[in-house]
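Only one structure is covered here, and it is reproduced in the block below.
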């Protein structure tokens, strides 16, 4: 069951914003299991019951016409495309995700961009200064009741509806719980079923060591998933872990669309990456070469497609965007990830 009671909302606000000290006599009560959390946040506090999302979900009745941002006069004529961009921290997944959102919006699609990272630094590339974005956890900390749908979004360039999960202060609480909560909120408000968006792009942190960061997969939100990785061994390790999560949750309709290589060195040998893709039973959808203009665009709070539209990497991202829309997720194979032991054997065999 989706957690949406007042007790639950207040409890998670306490965990994130007012972490009780060890000697606080109310600590146990404030972190009690009655509110959906374990007694100590050192455990898997973001491991919540699943609720598979479908077009007929009845978690919450659809809101009245006009409650959502978007063009009410253009009802959705096809199922929403949901794309999740995963990868190891710092590998470039936000670069890929935000460029995808810009490409789709400029192509006439109504786009929802969801940042699933406690740093809430994804959508900033899609906003104009001095626009400010309030995270879902910020909203719920002010008012634990479910917010109206339009309050979740800040409208960025090209009409992109931007939403960020947010997270606790560094060292306090569970970052994955914020991701789980934003997925719950979108589900409760029936945002993806509203007909207001054509494409939803989820920018998700991590190598899925935490159930919260796997929430877009567990809840069936992400139909097509791409993994961004570099030629570095730990990026491959994270990618393999993500593929394991896709395998676990494939009954929810989640599929691995492929890999996107964001090179650290343009001289890198691509053969181990090609072998890695084959081992997982997937393909490489594009190779983004290292380009200083990507960093320059980020410093300007712009995407590469806006800053240097003729750059080779911009063309790669445009081709990637079109490939993803053309894919039929039902026809994509379930990946065949490796165990940890198999993975390290793979690295040794492929010269990593």
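In the working numbering, the protein residues as written are 1 to 352. All C-beta atoms, glycine included, are put in the ideal place defined by N, C-alpha and C.
Residues bridged to residue 127 (per DSSP): Note: residue 127 sits in no beta bridge, so no partner.
Contact check, residue 97 vs residue 179, beta carbons under 8 Å: Not a contact, by the Cβ cut-off of 8 Å.
Close Cβ partners of residue 318 (< 8 Å) along its chain, the five nearest in sequence each way excluded: In chain order, 103 and 305 place their CB closer than 8 Å to the CB of residue 318, counting only its own chain and leaving out the 5 sequence neighbours on each side.
Under the three-state DSSP convention, the category residue 176 falls into: It is helical.
N- and C-terminal bounds of the alpha helix (DSSP H) containing residue 225: It is not in any alpha helix (DSSP H) - residue 225 instead sits in the beta strand (DSSP E) that spans 224 to 229.
Whether residue 167 touches residue 118 by CB criterion (8 Å): Yes; because the gap between Cβ atoms is below 8 Å, this pair is in contact.
Simplified DSSP state of residue 250, which is helix, strand or coil: The DSSP-derived three-state label of residue 250 is helix.
Of the residues 145, 243, 135 and 172, the one placed nearest residue 154, counting alpha carbons only: That would be 135, whose Cα lies nearest to the Cα of residue 154.
Length at least 3, wholly inside the region 141 to 173: the beta strand (DSSP E) runs in chain order: Runs of the beta strand (DSSP E) inside the region 141 to 173: 161 to 164.
For residue 322, the three-state DSSP class (helix, strand or coil): Helix at residue 322.
Given residue 196 as reference, the closest of 111, 289 and 298 once Cα atoms are compared: For the options 111, 289 and 298, the alpha carbon positioned closest to that of residue 196 is the one of 111.
Continuous beta strand (DSSP E) stretch holding residue 261: start and end: Here the beta strand (DSSP E) through residue 261 covers 255 to 262.
Residue 342, buried or exposed, once every other Cβ within 10 Å from all chains shown has been counted against 16: Exposed.
Distance, residue 335 Cα to residue 243 Cα: Rounded to the nearest angstrom, the gap between the Cα atoms of residue 243 and residue 335 is 6 Å.
With 16 other Cβ atoms within 10 Å as the buried cut-off, status of residue 182: Answer is buried; the Cβ neighbour count reaches 16.
Cβ pair residue 332, residue 255 closer than 8 Å: For residue 332 and residue 255, yes; Cβs fall inside 8 Å.
Per-residue DSSP class, three states only, for residue 86: Judged by DSSP in its simplified three-state form, residue 86 adopts strand.
Residue 203: first and last residue of the uninterrupted beta strand (DSSP E) it sits in: Segment 199 to 204, the beta strand (DSSP E) holding residue 203.
Selection from 90, 339, 225 and 141 that minimises the alpha carbon distance to residue 258: Answer by Cα proximity: 225.
Beta carbon of residue 204 nearer than 8 Å to that of residue 85: Yes, Cβ-Cβ distance for residue 204 and residue 85 is below 8 Å.
Contact under 8 Å by Cβ, residue 287 with residue 320: Cβ atoms of residue 287 and residue 320: not closer than 8 Å.
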